[in-house]
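Everything on this sheet refers to the single structure shown next.
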Amino acid sequence: MRKSHTILVYPAKDSSEATSVEEILKNTIWPEASVKIREFRKVKNQGVAVSCDSVKDIQSIISGLDGDNSAKAKVSHRMPGKRHPSIILYDLPNTITDQEVQQALRTYTEDGENLRIRFKLKGRKPDTSHWVMEAPCKQSLQLERFRKIAVNRNMFQIKEFFHLKRCQFCQAFGHTRQNCKYTVPNCGICADRHSTSYCRSNFQLCINCEESTRNSGTNHNISHRATDLSCPCYKK
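If you're matching positions, the sequence shown starts at 103 in our numbering and goes up one per residue.
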């Protein structure tokens, strides 16, 4: 599949116009028959992401918006920003505060800026969470030198975090449930042919590592969930 190019369009900050960004785009882009839209989806803050196959089409959209005084007053546009690398802190107590974590991280970097929390995952220990945080490249490299960092005098494991697509239906990497070609689910806990949400098994088996060992002779440890962040297939 060809790489797509995307532009983000948002309501102008000083606009009181009730017309949606989607309607404004339709009136501006749709009359231009030469523009081929691959995807048109809503994003946060009432914005719209428009994806095309060519840079030329994106430039046509920009020219259309900038050349239409009515549209220019109602919407703003920008190209998607590059996402910073992410780091993950494992098994932080749920009672710990963002301020305590940020203060600890600053002692290991040369930058005084706070890192943005992207999301949290359920920890391996009771009442804990894994924190996934966005770190600009410089801070990320500085933090990755340490295998563990101290937060409130306790040591916690820290690693680089990789953003990978994983299907929650079949558990395979590289696609999401929306694009899954399978009709029968694979459990993310025991690898049986049922939905993960219905699993009551105490037995854990990673279907990705099991298939890799069976098909490629990798001899991976298979006794973990497909969602385990230490999964050899995930880390690969």
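All C-beta atoms, glycine included, are put in the ideal place defined by N, C-alpha and C.
Everything numeric in this text was worked out from a predicted model, so none of it was measured.
Exercise for the section: Could you check what DSSP says for lysine 337 in three-state terms: helix, strand or coil? Expected result: Under the three-state reduction of DSSP, lysine 337 is assigned to helix.
Exercise for the section: Using a threshold of 8 angstroms, state whether the C-beta atoms of serine 275 and cysteine 282 are closer than that. Expected result: Reading off the sequence, residue 275 comes out as phenylalanine, not serine. The beta carbons of phenylalanine 275 and cysteine 282 sit no closer together than 8 angstroms.
Exercise for the section: List in chain order: all unbroken beta strand (DSSP E) runs of 3+ residues lying wholly within the stretch 237–266. Expected result: Counting whole runs of 3 or more residues, the stretch 237–266 contains the beta strand (DSSP E) stretches 250–253, 256–263.
Exercise for the section: Give the C-beta separation of leucine 191 and phenylalanine 258 to the nearest angstrom, bearing in mind that I take them to be a contact with Cβ-Cβ under 8 angstroms. Expected result: Sure, about 5 angstroms apart at Cβ, within 8 angstroms.
Practice task
Ignore the nearest five residues each way along the sequence and tell me which others in threonine 211's own chain have a CB closer than 6 angstroms to its CB.
Solution key: Residues of the same chain with a CB within less than 6 angstroms of the CB of threonine 211, apart from the 5 flanking positions on each side, are Gln241, Gln244 in chain order.
Practice task
Could you spell out the range, first to last residue, of the alpha helix (DSSP H) harbouring threonine 315?
Solution key: Per DSSP, threonine 315 belongs to the alpha helix (DSSP H) from 309–318.
Problem - Integer Cβ distance of aspartate 155 from arginine 143, believed to fall under 8 angstroms - result: Their Cβ separation, rounded to whole angstroms, is 16 angstroms, which puts aspartate 155 and arginine 143 out of contact at 8 angstroms.
Problem - aspartate 98 versus cysteine 239 - alpha carbon distance - result: The structure shown does not extend to residue 98, since the chain spans only 103 to 338, so no value can be given for it.
Exercise for the section: Could you work out which residue in Ser303, Pro228, Gln280 is closest to proline 195 when comparing CA atoms only? Expected result: The shortest CA-to-CA distance from proline 195 to any of Ser303, Pro228, Gln280 is the one to Pro228.
Exercise for the section: Return yes when the Cβ of tyrosine 112 is within less than 8 angstroms of the Cβ of serine 178, no when it is not. Expected result: Yes, these two residues count as a Cβ contact at 8 angstroms.
Handout entry: Identity of the residue in Arg327, Val150, Asp159, Ala206 nearest histidine 107 by Cα
Key = Sorting Arg327, Val150, Asp159, Ala206 by C-alpha distance to the C-alpha of histidine 107 places Asp159 at the top.
Practice task
Alpha carbon to alpha carbon, how far is arginine 268 from glycine 149? Give it in angstroms, no decimals.
Solution key: So the alpha carbons of these two residues sit roughly 26 angstroms apart.
Problem - Per-residue DSSP class, three states only, for tyrosine 210 - result: Three-state result, tyrosine 210: coil.
Practice task
Kindly indicate which residue of Cys311, Ile309, Asn288 has the alpha-carbon position closest to the one of tyrosine 300.
Solution key: Of the listed residues, the one whose Cα sits closest to tyrosine 300 is Asn288.
Handout entry: Three-state secondary structure (DSSP) of tyrosine 284
Key = Coil, per DSSP.
Problem - Neighbour-count burial assignment, glycine 169, 16 or more Cβ in a 10 Å radius - result: Under this definition glycine 169 is an exposed residue.
Practice task
May I ask you to list the residues that DSSP assigns as paired with phenylalanine 142?
Solution key: Looking at the DSSP assignment, phenylalanine 142 forms a beta bridge with Val152.
Practice task
Give me the Cα-Cα distance between alanine 252 and lysine 176, rounded to the nearest whole angstrom.
Solution key: Cα to Cα, the separation comes out at about 48 angstroms.
Practice task
Count the other CB atoms, across all protein chains shown, that sit within 10 Å of the CB of valine 137; report buried if there are 16 or more and exposed otherwise.
Solution key: Valine 137 comes out buried.
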